[in-house]
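A short write-up of the structure that comes next.
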Amino acid sequence: MKKYIFDLDNTLYSHTLKVFPLIDQRINMYMTTRLGIPEPGVDSLRRQYWKLYGVTLNGLMVHYDVDPEDYLEYVHDVDLKHILKPDEELKTVLKEIPCSKVIFTNGSRAHAENVLQTMGLEDLFDDIFDVRVASFRPKPFPEPYLEVLKIMDVQGKDCVMIDDIPENLKTAKHFDMKTILIGKSNGQRHIDICLDNVSDIKTVKNLL
Ligand SMILES: [Mg+2]
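Mapped onto the working numbering, the consecutive letters of the sequence shown carry residue numbers 12 to 219.
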């Protein structure tokens, strides 16, 4: 049976809802207030860390000895109730996919649970794999994918991965997964299907 592996942020809900900027703000606050990094340097430091480590957290762990648990709790402490609401259409679409569905996110499990609960989707996923799954090594590095496949005891060819970041799907394709991009593709060959909205998965599920 196929496994559907869903990213969380900007995949299950639209990027236009701007949940991520709230987390972004918290990351910047963490860096200025908790670590004392001067505000003007924060953005360039984060860009540097993205390039080197994939996410800000890993750079802060290497260079500032940050406790990842403290960081994750702090940056995901955002109020989603005014932004996200129950998504009945998506709930129906997900229920109709007769396969195991999991979440695979670079965020934290608590944040994923918060999002799923706010959207009324908390009972539809069999598991949540968060950034802890491969000792905080994030997507698109291969390590967390290997862990997820190992824990689920499946091969990549039996998986469909849905994500809004083309790079994350490149690694998925490397593991022979089917790939669905939520958003606009630039014709990347590692993307099998491109959808505007995750609920549109109902229109393509027979192809997978
Ligand atoms: Mg995402």
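A virtual CB, placed ideally from N, CA and C, is assigned to each residue, including glycine.
Just so we're clear, the structure is a prediction, and the values are computed from it rather than from any experiment.
Roughly how many angstroms separate the alpha carbons of residue i and residue j, rounded to a whole number?
i, j, result
"LEU96", "ILE34", "Residue 96 is actually Lys in this sequence, not Leu. So the two alpha carbons sit approximately 18 angstroms from each other."
"GLN128", "TYR82", "22 angstroms"
"LYS168", "GLY65", "25 angstroms"
"ILE48", "ASP175", "30 angstroms"
"TYR24", "MET188", "22 angstroms"
"THR67", "GLU50", "15 angstroms"
"ASP90", "THR27", "16 angstroms"
"GLN166", "LYS106", "23 angstroms"
"PHE115", "LEU19", "7 angstroms"
"ARG57", "LEU46", "13 angstroms"
"GLY70", "LYS14", "32 angstroms"
"ASP98", "GLY131", "7 angstroms"
"LEU101", "LYS161", "28 angstroms"
Classify residue i: buried if its beta carbon has 16 or more other beta carbons within 10 angstroms, exposed otherwise.
i, result
"MET12", "exposed"
"LEU73", "Note on residue identity: the sequence assigns Val, not Leu, to residue 73. Counting Cβ neighbours within 10 Å, VAL73 comes out exposed, since fewer than 16 surround it."
"HIS185", "exposed"
"SER55", "exposed"
"GLY118", "buried"
"ASN21", "buried"
"PRO32", "exposed"
Measuring alpha carbon to alpha carbon, tell me which residue in the options is nearest residue i.
i, options, result
"ALA183", "GLY194, ASN197, ILE202", "ILE202"
"PHE17", "GLN199, VAL215, ASN179", "ASN179"
"LYS92", "SER55, VAL30, GLY198", "VAL30"
"PHE147", "PRO79, VAL126, ARG45", "PRO79"
"ILE108", "VAL171, ASP54, TYR60", "VAL171"
"GLY194", "HIS185, GLY52, ASP211", "ASP211"
"HIS87", "PRO177, LEU46, SER111, VAL126", "VAL126"
"TYR75", "TYR41, PRO149, CYS110", "TYR41"
"VAL142", "LYS213, LEU157, GLU133, PHE136", "LEU157"
Residues proximal to ligand 1 by C-beta, any heavy atom closer than 7 angstroms:
ASP18, LEU19, ASP20, ASN21, THR22, ASP174, ASP175, ILE176
Every unbroken beta strand (DSSP E) within the stretch 154-190, with a cutoff of 3 residues, ordered by chain
170-174
Quick check for students: name the residue ranges of the beta strand (DSSP E) that lie wholly in the stretch 73-122, counting only runs of 3 or more.
111-115
Segments assigned alpha helix (DSSP H), at least 4 residues, entirely inside the stretch 12-78:
31-40, 50-64, 67-75
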